[in-house]
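The structure appears right after this line, and notes come after that.
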Ligand SMILES: Nc1nc2c(ncn2[C@@H]2O[C@H](COP(=O)(O)OP(=O)(O)O)[C@@H](O)[C@H]2O)c(=O)[nH]1
Ligand SMILES: [Mg+2]
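Numbering (the numbering used here), first residue to last: 204 to 663.
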């Protein structure tokens, strides 16, 4: 399916399925106003097809002229609309039947049902937004936390697009110099490939490297991270799980080996979506069900981005604890050592397994002491300085990261080979620009655009 340029007019229900106070049927394209005029009568009997940037009150009528719904009709004239085309939004009552009936009326008058993401795609094709802003629209809709919303808002408002544009301009200026040097090799041109030329590329390189790094935060906010709670039986894993979740989800019991199947729940920690997994205590057992649970715990630990290794401060470290710690170390993810039950009398000089822990926390799942500190530690291990990261534009898709890495490699190659011929310089710069262009959408193929916009919902 390839995209048809927009001389037709599209329509779709833009509000989610279900019942709501209001619901919107949106039209975009050159015939939006004339189609709307055929199905709508204004209560002041005005002709709306000449209307501009305003809201009309009235009714949508069916083919026989019977009123279908009392509506507000919002007209936005090109280019001052979401798609940069003429847009009409019909705000009706938010019932499925009434919205469907309104949609059928406008389709009967010549509008075509929009494809998924086609409104946003038109905004992109018409040059109102670049691909980063279009993709951020999707994240705005799907954002589950305030932090994810902040990131999506920053990208959709064009901060990232602006930075990418500035980077591309810088590379284009360098390209122009390199091309001039190619075109007039013999002429008495002033020297073009100067230290200043490379200084600009240095600057570009730094910005690009920072953007590559920024993707980690973007992906983390979107995809979240998984944390597994591991440790020996009865140390308080399920109690800590419940506290982090603020819900008595897992069974807590003085009997060792209670949690046999792992339990996974999602929560938000400092704005980061987290899948938290409580696991069966790791120990040697003859019990078939428990040992299955233990095998699953190991699998959960292998999938996790971060491990909470819980131990009991009120009892001696046993050999099993250090064996387990060693096993966790081999997974090569950060391990936080959580010494629980600090409300109980502590064992003097309690041994701590000798592996490099990412952090050490003392808590009591009974009194809640130390839990806030533990949460802060987890957030900072997952996201570093999240506030700082949210203050600057960030990439938020793996394809963006791949392209930025490609562009960065070209610029690095240039900087490492400063004596290269102007032809080679120009070649690398064109490659870098084409990689940047696949982030902004300038050089993105129709097939890839189909995939990106196809994952939007209809009506967006
Ligand atoms: N005093 C005290 N008891 C705790 C603490 N955390 C858990 N417990 C108790 O230790 C026992 C085992 O807890 P549980 O969360 O089921 O441990 P798990 O087997 O590691 O999941 C239960 O009786 C809990 O009430 C704590 O911080 N202080
Ligand atoms: Mg448990």
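Even glycine gets a Cβ: it sits at the ideal position worked out from N, Cα and C. Source: prediction; values computed, not measured.
Let me check you understand the geometry: is the CB of residue 450 closer than 7 Å to at least one non-hydrogen atom of ligand 1?
no
I'd like to confirm something about residue 544: is its beta-carbon nearer than 7 Å to some heavy atom of ligand 2, or not?
Not one heavy atom of ligand 2 lies closer than 7 Å to the C-beta of residue 544.
At the level of alpha carbons, what is the spacing between residue 373 and residue 663?
34 Å
Please state the DSSP three-state secondary structure of residue 454.
coil
Assign residue 207 to one of three DSSP states: helix, strand, or coil.
The predicted position of residue 207 is uncertain, since its pLDDT is 47 and thus under 50; a value taken from the coordinates is nonetheless stated next. Of the three classes helix, strand and coil, the one that applies to residue 207 here is coil, per DSSP.
Can you have a look at residue 442 and say buried or exposed, based on whether 16 or more other CB atoms are within 10 angstroms of its CB?
Buried, since its Cβ has 16 or more Cβ neighbours within 10 Å.
Please return the same chain residues whose Cβ sits closer than 7 Å to the Cβ of residue 646, not counting the five positions on each side in sequence.
Apart from the 5 residues on each side of it in sequence, residue 646 sits with its Cβ closer than 7 Å to the Cβ of 637, 640 in its chain, given in chain order.
Whose C-beta lies closer than 8 Å to the C-beta of residue 272 among residues of the same chain, with five residues either side of it excluded?
262, 263, 295, 296, 301, 304, 305
For residue 344, count neighbouring C-beta atoms within 10 Å of its own C-beta (all shown protein chains included) and say buried if the count is 16 or more, exposed if not.
A residue is called buried once 16 or more other Cβ atoms fall within 10 Å of its Cβ, and residue 344, having fewer, is exposed.
Alpha-carbon spacing of residue 501 relative to residue 482, whole angstroms
8 Å
How about residue 573 and residue 555: are their beta carbons less than 8 Å apart?
Using a Cβ distance threshold of 8 Å, residue 573 and residue 555 do not count as a contacting pair.
Taking contact to mean at least 3 C-beta pairs separated by less than 8 Å, is the segment 588-607 in contact with the segment 348-363?
yes
Where residue 400 falls: helix, strand or coil (DSSP):
Looking at residue 400 - three-state DSSP - the assignment turns out to be helix.
Among all the DSSP beta bridges, which residues are the ones paired with residue 214?
According to DSSP, which records beta bridges pairwise, residue 214 is partnered with 230, 316.
What three-state label does DSSP hand residue 434 in the structure shown?
strand
Residue 542 (DSSP reduced to helix, strand or coil):
strand
Would you say the segment 613-631 touches the segment 423-439, given that touching needs at least three Cβ pairs under 8 Å?
no
Identify, in the order they occur along the chain, each residue of the same chain with its Cβ nearer than 7 Å to the Cβ of residue 561, setting aside the five sequence neighbours on each side.
Here residue 561 has 537, 538, 539, 584 as same chain residues with Cβ atoms under 7 Å from its own Cβ, once five neighbours each way along the sequence are excluded.
Going by DSSP, which residues form a beta bridge with residue 294?
DSSP lists 227, 275 as the bridge partner or partners of residue 294.
Classification of residue 451 by the beta-carbon crowding that lies within 10 angstroms, buried from 16 upward:
exposed
With DSSP as the reference, label residue 482 as helix, strand or coil.
coil
Quick check: is any heavy atom of ligand 1 less than 7 Å from the C-beta of residue 580?
Outside the cutoff, so no.
Run through the DSSP bridge pairs and tell me what residue 285 is partnered with.
Answer by DSSP bridge pairing: none, since residue 285 is not bridged.
Exposed or buried, which one is residue 393 when buried takes at least 16 other CB atoms within 10 Å?
exposed
Across the segment 503-516 and the segment 424-432, are there enough close Cβ pairs to call them in contact, namely three or more that are closer than 8 Å?
Judged by Cβ distances under 8 Å, the segment 503-516 makes contact with the segment 424-432, as three or more pairs qualify.
Output the residue ranges of the alpha helix (DSSP H) runs that lie fully inside the segment 476-533 and measure 4 residues or longer, sorted by chain position.
491-506, 522-532
Between residue 421 and ligand 2, is there a pair consisting of the residue's CB and a ligand heavy atom that are separated by less than 7 Å?
no
Compute the Euclidean distance between the alpha carbons of residue 368 and residue 407, then round it to the nearest angstrom.
12 Å
Under a three-way DSSP split, which group does residue 600 fall into?
coil
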